[in-house]
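Okay, so here's the structure we're looking at.
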Amino acid sequence: TEDSELNADELARKNELLATKGKESQEQEKARQESEKAVKAYAAENKISEEQAKEELESIDKIEEKYGKEPKKLAKATLHIQRLFTKTNEELKDLQARLSAPQLTTDLVVESIKEGNFSFANGKKATEAEVIAAYKEKYTDLTEDMEDEKVLKMAAKEIKEAMENRQKASLTALTGKAREKKDKLLSTLPESDKKFLPEIKPILEKTPDRQVMQGDFDLGDLILWAKGKGYDADVKKAEEDGFKRRANSGL
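First residue of the sequence shown? That's 1 in the UniProt record's numbering, and the numbers climb one at a time after it.
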């Protein structure tokens, strides 16, 4: 038989390999069962699906593998993530506030003028009577026999349109400046970080202009995020390479 043709050393080596494979199989099965148990427990604790639980636990393992022995780096990474979340959350709150703000109407402008909350272009507070007088002076022929209330509404309509035009011009200017800053941030990336452009550019393009124009905005957080993704890919590749080596060696 095949075994009888082997010398004692070869037979011992073969038996040792079989025993090792058997032990590894048992350990792998035990690890699999423990992993399934951990996933079920985590899913139940956090009220999420087992699939989500598995993904989160894998992420936790990767973070632990990367930063476990370097708590300062973990703290720094956490800080950057918190900073990203804070910026996004602040931008969302600002957007919600603007969306929930009452739509500018002629009636609202009239109300504002009557309540004494309107100012001329020079910053001087204007009373209702002063607004009416200024409009009559500007359009003498049109308002000659017109009642004050109607004059006020016409003035309010013109004021509303002027405010809307200023807002549009301001937004256009903001968009232009944000475009310039985005282009500059991308073009001045260090050579060592340019390999992350395919990942960070799409996110930068979707970042609100107001956030981009904040004084402290830069690409630091996005680069850290991209580097983290690269680390995950490296870990996955290393695991695949290791598996292939073991398969090729027959173990």
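By construction, the Cβ of each residue, glycine as well, lies at the ideal position given by its N, Cα and C atoms.
On a predicted model such as this, the values are computed, not experimentally measured, just so you know.
As the crow flies, the alpha-carbon of glutamine 214 is around 18 angstroms from that of isoleucine 223. Counted as a single uninterrupted DSSP element, the stretch harbouring isoleucine 48 is not any alpha helix (DSSP H), since DSSP gives it neither H nor E. The C-beta of leucine 219 has 16 or more other C-beta atoms within 10 Å across all chains shown, which makes the residue buried.
Of the residues Asp148, Gly123 and Leu186, the one whose Cα lies closest to the Cα of valine 110 is Asp148. Looking at Leu186, Asp107, Leu57 and Ile203, the one whose alpha-carbon comes closest to that of lysine 157 is Asp107. The C-alpha of valine 39 is placed about 38 angstroms away from the C-alpha of serine 192. Cα atoms of glutamate 115 and lysine 160: separation of roughly 16 angstroms, rounded to the nearest angstrom. Counting only the Cα atoms, leucine 57 lies some 48 angstroms from lysine 168. When Lys195, Leu174 and Val151 are compared, the shortest CA-CA separation from lysine 136 is found for Val151. Annotated as distal: valine 212 and alanine 173, with beta-carbon spacing of 8 angstroms or more. In the same chain as lysine 201, and ignoring 5 residues on each side of it, the C-beta atoms closer than 8 angstroms to its own belong to Leu186, in chain order. Under the DSSP assignment, leucine 186 falls in the alpha helix (DSSP H) whose first and last residues are 148-187.
In chain order, Val212 and Met213 place their CB closer than 7 angstroms to the CB of lysine 181, counting only its own chain and leaving out the 5 sequence neighbours on each side. According to DSSP, lysine 227 shares a beta bridge with no other residue. Pairing glutamate 50 with alanine 41 gives a Cβ-Cβ distance that is not under 8 angstroms. Taking a contact as a CB-CB distance under 8 angstroms, the pair phenylalanine 120 and alanine 126 counts as one, their CB atoms being some 5 angstroms apart.
The beta-carbon separation of valine 131 and alanine 155, rounded to 5 angstroms, stays under the 8 angstroms limit for a contact.
According to DSSP, residue pairing for alanine 126 in a beta bridge involves Phe118. Secondary structure at glycine 215: coil, using DSSP grouped into helix, strand and coil. By the 16-neighbour rule on beta-carbons within 10 angstroms, isoleucine 113 is buried. Contact check for leucine 204 against glutamate 164 fails: the beta carbons are separated by 8 angstroms or more. Taking each of Asp216, Tyr139 and Thr175 in turn and checking the Cα distance to aspartate 209, the smallest one comes out for Thr175.
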